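Just so you know, we're using our numbering here: the sequence shown kicks off at 4 and counts up by one. Structure, as structure tokens:
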Amino acid sequence: APELVRVVVGVDPAATSYGDEAGIIVAGVGVDGHGYVLGDASLQASPHGWGSAAVLAYHTHQADRLVPEVNNGGEMVELTIRTVDAAVSYKAVHASRGKRTRAEPVAALYEQKRVHHVGGLAKLEDEMCSWSAIEGEPSPNRMDALVWALTELMLDVPRGVEHGPDLWT
């Protein structure tokens with residue numbers, strides 16, 4: 004990746020330690036205006052476990068902000084992260100429309116060759132290539148976290164995202 008202007012960690016949290024993995028993706032935007040996916044810290048863990056992993060990714064990559072989806076957990080998502088580190092920059096997002104609708108603008112960035120993967124991201128890439136929007140299919144946690152991160156870095160307020168006074172500037 005070139006020199007990065009900004010780095011964020013997108014988080015698709017898991018409510019329990021025995022359910023879906025929590026998606027945790029680190030991405031940055033370069034001086035060239037392109038997006039760079041830098042890391043995948045996704046894991047199956049308790050809320051404290053994924054909160055700790057997200058904060059570790061934030062510090063390891065010297066990120067500017069954590070961007071978690073709060074649909075499944077609401078205020079508890081922020082509490083979980085702030086329990087690990089109260090000082091992280093935090094910006095909650097709330098999905099109001101389907102995954103496909105939220106992902107389309109990010110997919111367009113890939114089609115324009117404006118997003119690049121740095122290093123080995125096999126599990127993320129497998130999920131991106133195999134996900135189907137069919138009801139009942141497993142949730143694409145890594146992909147959701149990727150969409151939140153790249154949306155924060157490269158797009159205006161996305162379709163399908165609700166925002167309030169402290170969200171989406």
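We put the CB at the ideal spot given by N, CA and C, even for glycine. None of the values given here were measured: they were computed from a predicted structure.
What whole-angstrom Cβ distance do residue i and residue j have, given they're in contact under 8 Å?
i, j, result
"Lys146", "Ala106", "Residue identity differs from the one stated: residue 146 is Met in this sequence, not Lys. Contact flag correct, Cβ pair sits at about 7 Å."
"Ala48", "Ser20", "6 Å"
"Val80", "Thr154", "Not confirmed; about 17 Å, so no contact."
"Ala60", "Ile84", "Wrong, their Cβ atoms sit about 11 Å apart, outside the cutoff."
Apart from the five residues just before and just after residue i, which ones in its own chain have a Cβ nearer than 8 Å to its Cβ?
i, result
"His64", "Val10, Val12, Val29, Gly31, Leu41, Gly42"
"Ala4", "Gly31, Gly33, Tyr39, Leu41, His119, Val121"
Among the residues of its own chain, which have a CB less than 6 Å from the CB of residue i, if the five just before and after it don't count?
i, result
"Gly101", "none"
"Gly167", "Interpretation of Gly167 is limited by its pLDDT of 40, a score under 50 that renders its predicted location unreliable; the figure taken from the coordinates is listed afterwards. Correct list: empty, nothing qualifies."
"Tyr113", "none"
How about residue i and residue j: are their beta carbons less than 7 Å apart?
i, j, result
"Trp151", "Val96", "yes"
"Gly52", "Asn144", "no"
"His37", "Arg117", "yes"
"Val87", "Gly123", "no"
Among residues of its own chain, excluding the 5 on either side of residue i, which ones have a beta-carbon nearer than 7 Å to its beta-carbon?
i, result
"Val8", "Val32, Gly33, Val34"
"Gly22", "none"
"Met131", "Met146"
Cβ pair count under 8 Å reaching 3, the segment 6-17 against the segment 64-73: Taking 8 Å as the limit for Cβ pairs, the verdict is that the segment 64-73 does touch the segment 6-17.
Complete beta strand (DSSP E) runs within the segment 32-65 (minimum length 3 residues, chain order): For the segment 32-65, whole beta strand (DSSP E) runs of length 3 or above, ordered along the chain, are 38-43.
Complete alpha helix (DSSP H) runs within the segment 98-143 (minimum length 4 residues, chain order): Unbroken alpha helix (DSSP H) stretches of 4 residues or longer found wholly inside the segment 98-143: 102-114, 125-133, given in chain order.
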